[in-house]
Amino acid sequence: MPAKKPSEVVIQKTNGYETNIDDTTMVEKVMTIVEEVNWKKGSIPSMAREEDARFWINYDNKEKETYQVWFNKYGNAELIKRSTNGSTYGTLKADKVKQLKEILLGS
Numbered sequence: 001m002p003a004k005k006p007s008e009v010v011i012q013k014t015n016g017y018e019t020n021i022d023d024t025t026m027v028e029k030v031m032t033i034v035e036e037v038n039w040k041k042g043s044i045p046s047m048a049r050e051e052d053a054r055f056w057i058n059y060d061n062k063e064k065e066t067y068q069v070w071f072n073k074y075g076n077a078e079l080i081k082r083s084t085n086g087s088t089y090g091t092l093k094a095d096k097v098k099q100l101k102e103i104l105l106g107s
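Mind the numbering: the sequence shown is residues 1 to 107 in full-length UniProt numbering, read in order.
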């Protein structure tokens, strides 16, 4: 069975507006950043505030992974990934956070 292939990234802004990214290069860039997340097995922490960004990756086999992102004052980020396989918590180091922030928030 072939591996699932991402077809688009959908970014939900805080005002509810959604932006679709279907450019192959940009989708691959987001996938590369997500692969750098240090996913941790076990429980998912309860976050003290609402996420700073939310996005999901749609795959050509109709599967979807949803990501919530919290940026912190140290330049790192915490993420929660939700999919049909359950939920996972992870962290992303500052060098990749800047790239992700630019894509998601335009800043």
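Using N, Cα and C, we set each Cβ at its ideal position, and we do this for glycine too.
Helix, strand or coil for residue i per DSSP?
| i | result |
| --- | --- |
| residue 8 | strand |
| residue 20 | strand |
| residue 37 | coil |
| residue 81 | strand |
| residue 1 | Low per-residue confidence applies at residue 1: pLDDT is 44, beneath 50, and the placement is therefore not dependable, though the value from the model is reported in the following sentence. Coil. |
| residue 32 | helix |
| residue 97 | helix |
| residue 25 | helix |
| residue 102 | helix |
When the distance is taken between beta carbons, is residue j closer than 8 Å to residue i?
| i | j | result |
| --- | --- | --- |
| residue 4 | residue 59 | yes |
| residue 30 | residue 18 | no |
| residue 34 | residue 8 | no |
| residue 65 | residue 83 | yes |
| residue 51 | residue 69 | yes |
Can you tell me which of the options puts its alpha carbon nearest to the alpha carbon of residue i?
| i | options | result |
| --- | --- | --- |
| residue 39 | 105, 89, 102, 26 | 89 |
| residue 78 | 7, 14, 54, 61 | 54 |
| residue 71 | 22, 95, 21, 9 | 95 |
| residue 93 | 36, 23, 32 | 36 |
| residue 32 | 47, 13, 6 | 6 |
| residue 57 | 16, 97, 23 | 23 |
The beta strand (DSSP E) with residue i in it runs from where to where?
| i | result |
| --- | --- |
| residue 44 | No beta strand (DSSP E) holds residue 44; DSSP gives it neither H nor E. |
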